[in-house]
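**Q** Before I ask anything, let me first share the structure, which is written out below as structure tokens.
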Amino acid sequence: MSEVRLRFPPSPTGYLHIGGARTAIYNWLYVKKHNGRLILRIEDTDVERSTKESIDGIIDGLNWLGITWDEGPYFQSDYIQEHIAAAHTLISTGHAYKCFCTKEVLDVKREAAVAAKATYQYDRSCLHLTPEEITLKEAQNIPHVIRFKVPEGDGSVVFEDKVYGHIEKSYKDIEDFVIIRSNGTPLYLLSNVVDDIRDRITHVIRGQDGLGNTPRQILIYEALGAPVPVFAHMSLTLDPQKRKISKRSHGEVVTVQFYKENGFLPWALVNFLVLLGWSPASDQEIFTPEELIDIYSLEGMNKANSIFNYTKDDPKFITDPKALSINAHYLRTMPIADLIPLVKEELIAADLWDTAYAGEKKEWFGNTVDLIRSRFHILKDFSGPGRAYFSDTYEMDPKPVKKNLEKFEHIREWLGLLAERFEHLADFSREETERATRELADELDIKAGILINGTRTVVTGQAAGAGLFDVLMAIGKDRLVARLKKFSAES
Ligand code: GLU
123 MSEVRLRFPP SPTGYLHIGG ARTAIYNWLY VKKHNGRLIL RIEDTDVERS TKESIDGIID
183 GLNWLGITWD EGPYFQSDYI QEHIAAAHTL ISTGHAYKCF CTKEVLDVKR EAAVAAKATY
243 QYDRSCLHLT PEEITLKEAQ NIPHVIRFKV PEGDGSVVFE DKVYGHIEKS YKDIEDFVII
303 RSNGTPLYLL SNVVDDIRDR ITHVIRGQDG LGNTPRQILI YEALGAPVPV FAHMSLTLDP
363 QKRKISKRSH GEVVTVQFYK ENGFLPWALV NFLVLLGWSP ASDQEIFTPE ELIDIYSLEG
423 MNKANSIFNY TKDDPKFITD PKALSINAHY LRTMPIADLI PLVKEELIAA DLWDTAYAGE
483 KKEWFGNTVD LIRSRFHILK DFSGPGRAYF SDTYEMDPKP VKKNLEKFEH IREWLGLLAE
543 RFEHLADFSR EETERATREL ADELDIKAGI LINGTRTVVT GQAAGAGLFD VLMAIGKDRL
603 VARLKKFSAE S
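If you're matching positions, the sequence shown starts at 123 in the working numbering and goes up one per residue.
Now the structure itself:
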């Protein structure tokens with residue numbers, strides 16, 4: 123069997139968004155599964171919209187995700203002469219022709235068709251120009267495009283899409299399409315095929331929005347005498363209102379950069395994205411790279427569009443809740459030694475890093491990270507809700523402040539008393555702090571929960587977290603007492 127060769131050909135006209143990343147991931151998985159090769163090709167022929175910044179962003183995003191490629195990046199713009207040469211080959215083999223019809227003439231014909239409620243299609247008036255007529259028009263400098271000549275008769279383009287199944291498009295419904303513009307530049311439909319032929323692409327996995335191009339592209343393959351690759355079109359990812367996702371309407375949350383900056387783990391994002399459009403035969407949702415490569419197949423690709431469940435209106439979630447929960451799974455279960463350097467990076471970025479965390483406080487740091495990660499979703503949480511463990515200046519979440527503190531008239535007095543008990547404990551242990559708390563609650567004839575929730579709120583600023591007495595051990599006696607006393611003294 124010949125080598126399996128796939129490509130990821132982004133147009134560098136913007137950031138790498140989650141849809142593009144998903145396409146890259148499916149291509150990568152297929153290649154890994156079949157010991158093939160992945161080619162990165164930058165389709166940069168739209169010079170006005172392509173930017174160096176976007177190319178760098180795409181490459182950076184793929185690197186961060188761990189999506190590796192075996193060849194490239196190749197740049198489509200380096201092959202423009204080859205695309206033009208292919209168009210001339212098509213003319214010489216009778217599969218394309220020069221068309222001198224002006225836009226004005228075509229517009230009149232199109233409007234007439236619209237008025238007659240007929241479907242407009244180019245009427246092939248230039249198909250039968252004689253060589254003399256062509257020479258004459260060229261001598262007169264009349265601009266021309268090159269059109270592909272769709273086969274005549276009742277036949278159809280037929281192919282089996284690996285996701286959408288049997289697809290047929292009759293020749294009659296395909297217009298003789300333009301492959302070279304009047305300014306001499308090739309169109310995407312042609313360039314993409316010529317590049318795929320040169321790169322010996324065997325499988326094209328791309329978005330369902332490419333499906334409309336496929337019949338015309340197959341005609342080009344056939345006319346150039348090249349083998350037609352296997353096509354697999356992926357369903358789209360839409361927002362809950364069934365709109366296409368785009369940075370303009372959804373903001374940064376659809377860019378890979380967003381996940382990188384917010385402390386997602388790259389593999390967790392890959393794991394999440396894979397499930398947007400593909401399902402395994404079982405209900406497994408968490409996969410190691412090896413497992414995923416092993417069970418991935420085109421058969422599991424969903425025909426129905428998937429939903430990226432993000433609404434800006436829900437402040438609870440910075441992104442799709444499933445993306446958060448998958449990330450949380452990895453963050454909470456990965457080896458602590460692998461997590462420590464990532465947390466360090468996050469704390470450095472937030473200006474919360476203390477070199478002692480890698481020195482004399484190393485053990486404390488490891489234990490604390492392990493303790494607090496059990497409630498966290500993303501690396502940013504270590505500097506956000508986890509800030510109180512690494513700094514004395516942290517924000518108080520207004521909800522628990524209201525519920526656990528403001529609701530109780532005597533809370534400052536009570537927590538002041540608790541601070542004293544803690545201060546005088548001979549053994550500042552989990553058990554002793556708990557005993558002291560319950561004892562004081564009994565004496566005050568209040569529920570221990572009031573002291574527990576109040577203490578948590580004061581010393582961490584948060585409503586929830588790990589068990590309070592574990593939290594107290596991580597905060598440490600001095601900081602605990604100081605924070606409670608400070609709160610108690612405020613009015
Ligand atoms: N450059 C095209 C895009 O980004 C590639 C489409 C294809 O995979 O053929 O949409």
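Cβ coordinates follow ideal geometry from the N, Cα and C atoms, glycine included.
1) Threshold first: 4 residues or longer. Then list the alpha helix (DSSP H) segments lying entirely within the segment 198-238, N to C.
2) Buried or exposed: where does H372 fall if 16 or more other Cβ atoms within 10 Å of its Cβ makes it buried?
3) W400 by DSSP, collapsed to three states: which one?
4) In terms of alpha-carbon separation, which member of V236, V352, L358 lies closest to I340?
5) Can you tell me whether R246 is helix, strand or coil according to DSSP?
6) Can you determine whether any heavy atom of the ligand GLU sits closer than 8 angstroms to the C-beta of G142, and answer yes or no?
7) Grouping DSSP H, G and I as helix and E and B as strand, with all else coil, what is R129?
8) By the 10 Å Cβ neighbour count, where 16 or more other Cβ atoms means buried, how is F412 classified, buried or exposed?
9) Using the rule of at least 16 other Cβ atoms within 10 Å of the residue's Cβ for burial, across every protein chain shown, is V236 buried or exposed?
10) What are the start and end residues of the beta strand (DSSP E) that includes I289?
11) What are the residues that DSSP puts in a beta bridge with H355?
12) Of the residues T167, D318, E290, E407, which one's Cα is nearest the Cα of D276?
13) Mind checking which residues open and close the alpha helix (DSSP H) that includes D318?
14) Hey, L128 and I161: beta-carbon distance below 9 angstroms or not?
15) Going by CA-CA distance only, name the one from S613, P507, F270 that's closest to T215.
16) On the three-state DSSP scale, how would you describe L341?
17) In angstroms, rounded to a whole number, what distance separates the CA positions of P131 and S176?
18) Measuring only the C-alpha atoms, how far is T145 from L311?
19) Checking the sheet assignment: what are the DSSP bridge partners for E282?
20) As a quick exercise: from D283, R320, I268, pick the residue whose alpha carbon is nearest that of E297.
21) Could you check if L258 is buried or exposed, using at least 16 other CB atoms within 10 Å of its CB as the buried criterion?
22) Nearest chain C C-beta to I327 closer than 9 angstroms, yes or no?
23) Tell me the start and end of each unbroken beta strand (DSSP E) in the segment 148-176 that is at least 3 residues and wholly inside, in chain order.
24) According to the neighbour-count rule (16 or more other Cβ atoms, all chains shown, within 10 Å of its Cβ), is N157 buried or exposed?
25) State yes or no: is the C-beta of E165 within less than 9 angstroms of the C-beta of N305?
26) Inspect the CB distances between the segment 381-393 and the segment 404-423 and report whether three or more fall short of 8 angstroms.
27) Tell me whether R269 counts as near the ligand GLU, meaning its Cβ is closer than 8 angstroms to at least one heavy atom of that ligand.
28) Apart from the five residues on each side of it in sequence, which residues of its chain come closer than 7 angstroms, Cβ to Cβ, to K208?
29) Kindly indicate the opening and closing residues of the beta strand (DSSP E) around V300.
30) Determine the DSSP secondary structure at H139, reduced to helix, strand or coil.
31) Tell me the DSSP bridge mates of L566?
32) Between A445 and T359, what straight-line distance do the alpha-carbon atoms span, to the nearest angstrom?
33) Between A541 and S613, how many whole angstroms is the CB-CB distance? I'm expecting something under 8 angstroms.
34) Could you check how far apart the C-beta atoms of K382 and W186 are, in whole angstroms? I think they sit under 8 angstroms.
35) Just to be sure I understand the criterion: a residue counts if its Cβ is closer than 6 angstroms to at least one heavy atom of the ligand GLU. Which residues meet that?
36) For E193, list the residues DSSP reports as bridge partners.
**A** Put simply:
1) Within the segment 198-238, the complete alpha helix (DSSP H) runs of at least 4 residues fall at 202-214, 225-237.
2) Your numbering for residue 372 matches position 250 in the sequence shown. With 16 or more other Cβ atoms from the protein chains shown falling within 10 Å of its own Cβ, H372 counts as buried.
3) The residue you call residue 400 lines up with position 278 of the sequence shown. The answer is strand: DSSP assigns W400 an E or B state.
4) Along the sequence shown, one-based indexing puts residue 340 at 218. When the alpha-carbon of I340 is set against those of V236, V352, L358, the nearest one is in V352.
5) By 1-based counting over the sequence shown, the position of residue 246 is 124. Three-state result, R246: coil.
6) Taking the first residue of the sequence shown as position 1, residue 142 is located at position 20. With a cut-off of 8 angstroms, the C-beta of G142 is classified as near the ligand GLU, since at least one heavy atom of the ligand falls inside that distance.
7) Working through the sequence shown from its first residue, we reach residue 129 at position 7. For R129, the three-state secondary structure derived from DSSP is strand.
8) On the sequence shown, residue 412 is found 290 positions in, with the first residue counted as 1. According to the sequence provided, residue 412 is Glu. The question's Phe does not apply to it. With fewer than 16 Cβ atoms within 10 Å of its Cβ, E412 is classed as exposed.
9) What you label residue 236 is simply residue 114 of the sequence shown in a count that begins at 1. Exposed, since its Cβ has fewer than 16 Cβ neighbours within 10 Å.
10) Taking the first residue of the sequence shown as position 1, residue 289 is located at position 167. From DSSP, the beta strand (DSSP E) with I289 extends over 287-292.
11) Indexing the sequence shown from 1 puts residue 355 at position 233. Paired residue(s): R328.
12) To locate residue 276, count along the sequence shown from 1; it is residue 154. Ranking T167, D318, E290, E407 by CA distance to the CA of D276 puts E290 first.
13) As a working mapping, residue 318 is identified with position 196 in the sequence shown. Segment 310-320, the alpha helix (DSSP H) holding D318.
14) As a working note, residue 128 is residue 6 in the sequence shown. As a working note, residue 161 is residue 39 in the sequence shown. The answer is yes: Cβ separation under 9 angstroms.
15) For the purposes of this step, residue 215 is taken as residue 93 along the sequence shown, with counting starting at 1. Minimum Cα-Cα distance from T215 among the listed residues S613, P507, F270 corresponds to F270.
16) Position 219 of the sequence shown holds residue 341. Helix, per DSSP.
17) Against the sequence shown, residue 131 aligns to sequence position 9. Against the sequence shown, residue 176 aligns to sequence position 54. Cα to Cα, the separation comes out at about 13 angstroms.
18) To locate residue 145, count along the sequence shown from 1; it is residue 23. To locate residue 311, count along the sequence shown from 1; it is residue 189. Using only the alpha carbons, I get a separation of about 19 angstroms.
19) Taking the first residue of the sequence shown as 1, we reach residue 282 at position 160. DSSP, once it has assigned bridges, lists H288 as partnering E282.
20) In the sequence shown, the residue the question calls residue 297 occupies position 175. Taking E297 as reference, the option from D283, R320, I268 with the minimal CA-CA separation is I268.
21) In the sequence shown, residue 258 corresponds to position 136, counting from 1. Classified as exposed, L258 has fewer than 16 neighbouring CB atoms from the shown chains inside 10 Å of its CB.
22) The structure shown contains no chain C, having only a single protein chain.
23) Whole beta strand (DSSP E) segments, 3+ residues: 159-164.
24) As a first step, residue 157 must be located in the sequence shown, where it is residue number 35. Around the beta-carbon of N157, fewer than 16 other beta-carbon atoms lie within 10 Å, marking it exposed.
25) Reading the sequence shown from its first residue, position 43 is the one you call residue 165. Reading the sequence shown from its first residue, position 183 is the one you call residue 305. No, Cβ-Cβ distance for E165 and N305 is not below 9 angstroms.
26) The count of Cβ pairs closer than 8 angstroms, one atom from the segment 381-393 and one from the segment 404-423, reaches three, so the stretches are in contact.
27) Here residue 269 refers to the residue found at position 147 when the sequence shown is read from its first residue. Distances taken from the Cβ of R269 to the heavy atoms of the ligand GLU include none shorter than 8 angstroms.
28) Against the sequence shown, residue 208 aligns to sequence position 86. Note that residue 208 corresponds to Ala in the displayed sequence, not to Lys. A distance below 7 angstroms between beta-carbons, with the five flanking residues on each side excluded, links A208 to the following residues of its chain, in chain order: L312, V316, L346.
29) As a working note, residue 300 is residue 178 in the sequence shown. Run containing V300: 300-302, per the beta strand (DSSP E) assignment.
30) As a position in the sequence shown, residue 139 is number 17, starting the count at 1. In the structure shown, H139 falls within a strand segment according to DSSP collapsed to helix, strand and coil.
31) Position 444 of the sequence shown, counted from the first residue, corresponds to residue 566. L566 is not bridged to any residue.
32) In the sequence shown, residue 445 corresponds to position 323, counting from 1. In the sequence shown, residue 359 corresponds to position 237, counting from 1. C-alpha separation (whole angstroms): 14 angstroms.
33) For the purposes of this step, residue 541 is taken as the residue at position 419 of the sequence shown. For the purposes of this step, residue 613 is taken as the residue at position 491 of the sequence shown. For A541 against S613, the beta-carbon gap comes to about 16 angstroms, at or over 8 angstroms, which does not count as contact.
34) Position 260 of the sequence shown, counted from the first residue, corresponds to residue 382. Position 64 of the sequence shown, counted from the first residue, corresponds to residue 186. About 5 angstroms; that satisfies the 8 angstroms criterion.
35) For the ligand GLU, the selected residues are P131, P132, S133, E165, N314, R328, G332.
36) Along the sequence shown, one-based indexing puts residue 193 at 71. Answer by DSSP bridge pairing, in chain order: I161.
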